[in-house]
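**Q** Top to bottom, those sequences are chains R and U.
Just so we're aligned, residue 1 is where the first sequence starts under the UniProt record's numbering, counting upward by one.
Just so we're aligned, residue 1 is where the second sequence starts under the UniProt record's numbering, counting upward by one.
The C-beta atom is built at its ideal place from N, Cα and C for all residues, glycine as well.
2 protein chains.
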Amino acid sequence: MKKLVTALACVAFTCPAVANPGPPPTLEARADLALEADTMAWGFVEGITTEVGPRQAGTEAEKRGRDWAMQWLRNAGFENVADEPFDMQTWVPGSVHKAEVVNPYPQPLVVQPLGGSASTGPEGVTAEVIYFPSIADLQAAPDGSLAGKIAFVSHAMTPTQDGSHYGYFGAARFVGPGLAAQKGAVAIVIKSIGTDYHRNPHTGVIRFPEGVAPIPAGALSLPDAANLERMFQRASGAPITLKLTLTPRSLGTTTSGNVVGEIVGRDPSLPPVLVACHIDSWWNAPGAFDDGAGCGIVAAAARLAGLGDQRLRTIRVLMAGAEEVGLFGSVAYSEAHIDEPIAVALESDFGADRIWRFESNFRESNPDLHNRLAASVARFGVSNSTIVASGGADINIARDQGTAIIDLQQDGTRYFDLHHTPDDTLDKIDKAQLRQNVAVWTQVVGILANEPKNIQTGQ
Amino acid sequence: MKKLVTALACVAFTCPAVANPGPPPTLEARADLALEADTMAWGFVEGITTEVGPRQAGTEAEKRGRDWAMQWLRNAGFENVADEPFDMQTWVPGSVHKAEVVNPYPQPLVVQPLGGSASTGPEGVTAEVIYFPSIADLQAAPDGSLAGKIAFVSHAMTPTQDGSHYGYFGAARFVGPGLAAQKGAVAIVIKSIGTDYHRNPHTGVIRFPEGVAPIPAGALSLPDAANLERMFQRASGAPITLKLTLTPRSLGTTTSGNVVGEIVGRDPSLPPVLVACHIDSWWNAPGAFDDGAGCGIVAAAARLAGLGDQRLRTIRVLMAGAEEVGLFGSVAYSEAHIDEPIAVALESDFGADRIWRFESNFRESNPDLHNRLAASVARFGVSNSTIVASGGADINIARDQGTAIIDLQQDGTRYFDLHHTPDDTLDKIDKAQLRQNVAVWTQVVGILANEPKNIQTGQ
Chain R
1 MKKLVTALAC VAFTCPAVAN PGPPPTLEAR ADLALEADTM AWGFVEGITT
51 EVGPRQAGTE AEKRGRDWAM QWLRNAGFEN VADEPFDMQT WVPGSVHKAE
101 VVNPYPQPLV VQPLGGSAST GPEGVTAEVI YFPSIADLQA APDGSLAGKI
151 AFVSHAMTPT QDGSHYGYFG AARFVGPGLA AQKGAVAIVI KSIGTDYHRN
201 PHTGVIRFPE GVAPIPAGAL SLPDAANLER MFQRASGAPI TLKLTLTPRS
251 LGTTTSGNVV GEIVGRDPSL PPVLVACHID SWWNAPGAFD DGAGCGIVAA
301 AARLAGLGDQ RLRTIRVLMA GAEEVGLFGS VAYSEAHIDE PIAVALESDF
351 GADRIWRFES NFRESNPDLH NRLAASVARF GVSNSTIVAS GGADINIARD
401 QGTAIIDLQQ DGTRYFDLHH TPDDTLDKID KAQLRQNVAV WTQVVGILAN
451 EPKNIQTGQ
Chain U
1 MKKLVTALAC VAFTCPAVAN PGPPPTLEAR ADLALEADTM AWGFVEGITT
51 EVGPRQAGTE AEKRGRDWAM QWLRNAGFEN VADEPFDMQT WVPGSVHKAE
101 VVNPYPQPLV VQPLGGSAST GPEGVTAEVI YFPSIADLQA APDGSLAGKI
151 AFVSHAMTPT QDGSHYGYFG AARFVGPGLA AQKGAVAIVI KSIGTDYHRN
201 PHTGVIRFPE GVAPIPAGAL SLPDAANLER MFQRASGAPI TLKLTLTPRS
251 LGTTTSGNVV GEIVGRDPSL PPVLVACHID SWWNAPGAFD DGAGCGIVAA
301 AARLAGLGDQ RLRTIRVLMA GAEEVGLFGS VAYSEAHIDE PIAVALESDF
351 GADRIWRFES NFRESNPDLH NRLAASVARF GVSNSTIVAS GGADINIARD
401 QGTAIIDLQQ DGTRYFDLHH TPDDTLDKID KAQLRQNVAV WTQVVGILAN
451 EPKNIQTGQ
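(1) With distances taken Cα to Cα, identify the nearest neighbour of GLU79/U among GLY392/U, SER334/U, VAL317/U, GLN409/U.
(2) Taking only beta-carbon atoms, is MET231/U less than 8 Å away from chain R?
(3) State yes or no: is the beta carbon of HIS97/R nearer than 8 Å to at least one beta carbon in chain U?
(4) Verify the CB distance criterion: does ARG66/U have a CB-CB separation below 8 Å to chain R?
(5) If we ignore side chains and look at the alpha-carbon of each, how far apart do GLU277/R and ALA432/U end up?
(6) Take PHE13/R and list the residues in its own chain whose beta-carbon comes closer than 8 Å to its own, dropping the five residues that flank it on each side.
(7) Would you kindly work out how many angstroms separate the C-alpha atoms of LEU35/R and ALA288/R, rounded to a whole number?
(8) Taking PRO24/R and TRP283/R to be in contact with their CB atoms under 8 Å, please state how far apart those CB atoms are, rounded to whole angstroms.
(9) Tell me, please, whether the CB atom of GLU100/R is closer than 8 Å to any CB atom in chain U?
(10) Quick check on the DSSP output: what are the complete beta strand (DSSP E) runs of length 3 or more inside the segment 187-273 of chain R, in order along the chain?
(11) Does DSSP put PHE289/R in a helix, a strand or coil?
(12) Can you pull out the residues from the segment 406-425 of chain U whose beta carbon lies closer than 7 Å to at least one beta carbon of chain R?
(13) Since THR421/U and ASN200/U are thought to touch, with beta carbons under 8 Å apart, how far apart are those beta carbons, to the nearest angstrom?
(14) Could you spell out the range, first to last residue, of the beta strand (DSSP E) harbouring THR26/U?
(15) Among ALA151/U, HIS202/U, THR203/U, TYR415/U, whose alpha-carbon lies nearest the alpha-carbon of GLN182/U?
(16) Could you check what DSSP says for ALA82/U in three-state terms: helix, strand or coil?
(17) Run through chain R and tell me which residues come within less than 7 Å of VAL110/U, C-beta to C-beta.
(18) Between which two residues does the beta strand (DSSP E) carrying HIS97/U extend?
(19) Which chain U residues sit within Cβ distance under 9 Å of TYR131/R?
(20) In the segment 107-193 of chain R, which residue ranges form an unbroken beta strand (DSSP E) of at least 3 residues, counting only runs that do not cross its ends?
(21) Which term fits PRO367/U, buried or exposed, when burial requires 16 or more other beta carbons within 10 angstroms of its beta carbon?
(22) Just checking: is the beta-carbon of ARG249/R within a distance shorter than 8 Å of some beta-carbon in chain U?
(23) Rounded to whole angstroms, how far is the Cβ of ASN396/R from the Cβ of SER334/R, which I believe are closer than 8 Å?
(24) Can you give me the C-alpha to C-alpha distance between ALA156/R and TYR105/R, rounded to a whole angstrom?
(25) Does the Cβ-Cβ distance between ALA127/R and GLY148/R come in under 8 Å?
(26) For GLU394/R, name the three-state secondary structure that DSSP assigns.
(27) Give the DSSP-derived three-state secondary structure of GLN443/U in the structure shown.
(28) Given a limit of 8 Å on CB to CB distance, which residues of the segment 177-205 of chain R reach chain U?
(29) Measure the CB-CB distance between LEU242/R and VAL331/R and report whether it falls below 8 Å.
(30) Counting contacts by CB-CB distance shorter than 8 Å, is THR50/U in contact with chain R?
(31) For PHE350/R, does the three-state DSSP call read helix, strand or coil?
(32) Show which residues of chain R have a CB atom less than 8 Å away from the CB atom of LEU107/U.
(33) One question on the structure: do ASP353/U and ASP411/U come within less than 8 Å of each other, judged by their Cβ atoms?
(34) Based on the DSSP output, what are the partners of residue 525/R in its beta bridges?
(35) Please classify THR457/U as buried or exposed, where buried requires at least 16 other C-beta atoms within 10 Å of its C-beta.
(36) Please confirm if GLU46/U has its CB atom under 8 Å from at least one CB of chain R.
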């Protein structure tokens, strides 16, 4: 045990002066010890949330985040650490975010702009609110029926372990603003796409259809949305008037970038294992769950899985830029590296709660490896699954190359309490669950990095 | 059961057309039914939080709150409903509340002004922050040592069922700003006096000593305070610079008021039972827990306890104005009514979670009544206690008259998660626990209102 602790301590940059520490412990021992004692992932997420804070895509704050991450990776022994730049159109939230019921129940409501929202100008817009209990109700509204009005779209999202309510109920945000604009609305507010009861709105990006000019679009906190719904019940059909002031703006073209780093493998002829996360966050939080933790997990696992000279393949870390606002970093990475095959890709971008399910997209083509990987993490409380992994936002390259993908599914039960809100802060991370993530990732990445055969085909 | 439901339904303003509903149910039956079916308290707090919202003392919003409450009391059958005005010096928070770490880890922190804070002016103040882990550390700082600095005072408050950590750790807010001002600080920020982990600061009033000019004083949310503490750990002694912008201002003398209403008793020669709460809230929340729920509980209990013509004594409801900013309403009520004896006073101002303990200040002088009251609510999960009740903020008159006081202690375990934060919204109220409050209050107030002897002496 002492030797293991020493080995891990060395990884965690506080290596005592030992003349000959001996061979590194086995992969299984390293994963087991990570469960009990890893401090690297925590160190990453504590550091970046404390020393950098929010990292809105395309801004100098994101740049500070990339610089911080590169320094961390170099300190941790990664090679080929770089910032691969790309241009993007950059939206920033501005400084005024206000909503106020003017009639019949005057009071302020807590609102934040959705990503890509237009500005109301500092004078705001004041208009009657039209209430739609669901996105389907908005879809059913006649064309032109919202002329001069503010749409208010609600939903009935609940917490789910697999996070699947996000894709379904998230439509109020993804497409609600575009639909409202097409029907003539001067602005839209939505019930935040989330599952908590705090006065912290959930922002997130909007998909305005081609040719539809953005309108001002805000997220009300869940308690404020519930309050507005009660006002409609109590007003008995009398009009409810809202004054909305949101002042986001465009910075035009700025530079973002993808941070990369490698634990170089023994056989450069073998394609690397790609482990990904994203380095940007929304402006309103330091991005602990989304996705500082993910970057800490993949970097710690790469380091632990690649300890000593045991790995055959290179393990490449990708900390993508500008994920939140449109997956720009993931797209740029794929474009830049499409001709460099990768063996397999995995991403961590769903918080820091425990991994509960193993999925791959090669269960049928390489059942031996799939089952070996699944079995290797069962001791950490992870089940096998027949669901075909499709990967997350940051590994476009794997989908574009049609290569192997693994999803280490995290428990999302409380993820949407925090997602894209000011509440996404360090204190939300459970250290024991974070370590379980590192243990599972270390085990899986370690097997992959030492797999001599093609991971997708087993040949 | 049907008769009971009808009786309660009549109280809840939806009385069906019944020619002769018969005599009202017994007090015990009414209290039992309140536990299962009361909707009056919820109706009050849902209504005032939805239709009025925040009710900062001395403002027109508080006036709307009083008007709303008076209308509600009249609709509920209360007599002698009135708004008893008093003048006050009125502080409002202004519109700019910003804190930003300038060096070495630039990022915004979430802050709100404490009640009575001075303004930094719109340009803000920028200064080095001096960290004090506790109020004792600030007290130990030499005079003048904070000249030109911003003090940052933390604490280690934890949730307690009886809320006792508030009085102890709350010193960082009560006296911290005055101490910092006396030692030369240009401003102070404190770790919010609270027990949650959300980005919603806890405001609250400051006690500046006589002759000490107020300085700008803000509450950081708990996650932001923790972040600032980590910065001090990481900065290794390098100075940390903060820019603080708070723009509260004084409205000068304005009018607040106390709302009163009565369920008149059969014997006007007997002093009334006074049941109290406060109608104002801080600007940052609609005041559901603090104290919309309390007003709903005492009003519902007064109505249920006084049902039909069963009560001997008048039950008077006092919904005090301007409690949060300095108990001005309670003081004004006592001054105005000091010569009108009351029999006993009770207050509800500690949220809406269940009552768990019965206390009075007449256990020794009138043990029969004390024990009868305690025994009457044991079935609702309430224990007897030897603690001597001292009453809450809104019943100064009882202390000034030296009369009987009862404390129906609520479970405060989560009270300081919400207290004085934007998160004090309707959704935090557990309807079942709210009904338990109404049941206990109905039982106790019903006994008191029919007690022919002096409550304090038993003579």
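**A** Inspection of the coordinates gives the following:
(1) VAL317/U
(2) yes
(3) no
(4) no
(5) Reading off the sequence shown, one finds Cys at residue 277/R, where the question assumed Glu. Each residue's alpha carbon lies about 44 Å from the other.
(6) Residue confidence is low: PHE13/R scores 37 on pLDDT, short of 50, so the model does not pin down where it sits. Its coordinate-derived value is still stated next. For PHE13/R, where only same-chain residues beyond five positions count, the Cβ hits under 8 Å are ASN75, ALA76.
(7) 20 Å
(8) That belief does not hold up - the Cβ atoms of PRO24/R and TRP283/R are roughly 42 Å apart, past 8 Å.
(9) no
(10) 187-191, 217-220, 241-246, 249-263
(11) helix
(12) PRO422, ASP423, THR425
(13) 4 Å
(14) That residue, THR26/U, is in no beta strand (DSSP E); it is neither H nor E in DSSP.
(15) ALA151/U
(16) strand
(17) PRO422
(18) 97-103
(19) Result: empty, since nearest Cβ-Cβ is about 14 Å, beyond 9 Å.
(20) 107-109, 111-113, 125-132, 150-153, 187-191
(21) exposed
(22) no
(23) 4 Å
(24) 24 Å
(25) yes
(26) Looking at the sequence provided, one finds Asp at residue 394/R rather than Glu. Residue state, collapsed to three classes: coil.
(27) helix
(28) TYR197, HIS198, ARG199, ASN200
(29) no
(30) yes
(31) coil
(32) First, the residue type needs correcting, since residue 107/U is Gln and not Leu in the sequence shown. Under the 8 Å cutoff, chain R gives VAL52, GLY53, PRO54, ALA61, PRO286.
(33) yes
(34) Here chain R comprises residues numbered 1 to 459, so residue 525/R is not present and cannot be evaluated.
(35) exposed
(36) yes
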